[in-house]
Each structure stands twice: as structure tokens, then as C-alpha cells.
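Participant: Taking the working numbering, the leading residue of the sequence shown gets 16, the next gets one more, and so forth.
Where is the CB? At the ideal position from N, CA and C, for every residue including glycine.
These numbers come from a predicted model, not from an experiment.
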Amino acid sequence: MMGGPPPLSAQTTPTAVATTTLIEHTQFGEASDQELAEHWQLSREEVAHYRQYMRVEGRYFYAHLDPVMTLGIIETDPVQRARYAGLYLEAERERVREQTGFAQLVADVQ
Numbered sequence: 016m017m018g019g020p021p022p023l024s025a026q027t028t029p030t031a032v033a034t035t036t037l038i039e040h041t042q043f044g045e046a047s048d049q050e051l052a053e054h055w056q057l058s059r060e061e062v063a064h065y066r067q068y069m070r071v072e073g074r075y076f077y078a079h080l081d082p083v084m085t086l087g088i089i090e091t092d093p094v095q096r097a098r099y100a101g102l103y104l105e106a107e108r109e110r111v112r113e114q115t116g117f118a119q120l121v122a123d124v125q
């Protein structure tokens with residue numbers, strides 16, 4: 016008798032088992048116009064313009080950007096665009112200060 020593979024009837028095939036893993040994440044409700052306006056230092060009219068733009072076109076291109084950046088990109092008036100640039104820069108500087116401050120604290124704790 017030759018040493019070959021066992022006959023097909025004797026072969027076993029592994030069984031695939033599918034399992035379900037529940038993934039939970041925090042969901043936040045949508046911020047109100049007032050909350051957005053206060054947080055980003057915008058007027059209610061600017062927030063309304065932002066929301067309308069995002070509903071129609073911006074959601075395809077700028078869903079990952081904050082309202083100030085989005086408004087700055089779509090603004091055509093140079094004075095208003097410069098205002099958005101200033102607001103964005105101010106917010107970005109604050110984020111960097113907070114992040115580097117925390118990173119320094121982590122380094123100090125080590």
C-alpha cells in the first residue's frame with residue numbers, strides 16, 4: 016500500500032465559527048446653534064450658514080473639519096476670511112498649548 020492522502024470520506028474540514036463582538040462607543044448629540052456659536056466664537060448667522068452649507072455640499076468634502084475652518088475655506092470676502100483665519104489660529108494655539116502641557120506633565124510623572 017502506498018502512503019498517500021486518506022480517502023476523501025476520511026478527510027475532515029475545519030469548521031468556521033462566526034462570533035459576534037459588541038462594540039460600544041460614546042455617542043454625542045448634535046450641538047445646538049448657540050453652543051456652536053459660543054464655542055467657536057461665531058454669530059448665529061454664521062452657524063446657520065455653516066449648517067446649510069454642510070447639508071448641501073460640505074458634508075462631501077469637509078465633514079472632518081471644524082466650522083471655523085470650513086467657513087474660512089468657503090468665504091469669498093477677504094476681510095471675513097482673515098477673521099476666520101484668526102479664529103482658527105487662536106483655537107489651534109490653545110489646542111497645542113493644552114497638548115504640550117499634558118505631554119510635559121506625562122514626562123514629569125515618569
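State the start and end residues of the unbroken alpha helix (DSSP H) segment that holds E50.
Facilitator: First-last of the alpha helix (DSSP H) with E50: 48 to 55.
Participant: Can you tell which of D123, Y99, Q114, A106 has its C-alpha closest to the C-alpha of R61?
Facilitator: This sequence places Glu at residue 61; Arg is not what is there. Comparing Cα-Cα distances from E61 to each of D123, Y99, Q114, A106, the minimum goes to Y99.
Participant: Report the CB separation of Y77 from I88 in whole angstroms; it is logged as a contact under 8 Å.
Facilitator: Indeed, because the Cβ distance is near 7 Å, the residues count as touching under 8 Å.
Participant: Apply the 10 Å Cβ neighbour rule to V32 and answer buried if 16 or more other Cβ atoms are within range, or exposed otherwise.
Facilitator: Label assigned to V32: exposed.
Participant: In the DSSP assignment, the alpha helix (DSSP H) including G101 goes from what residue to what residue?
Facilitator: Here the alpha helix (DSSP H) through G101 covers 93 to 124.
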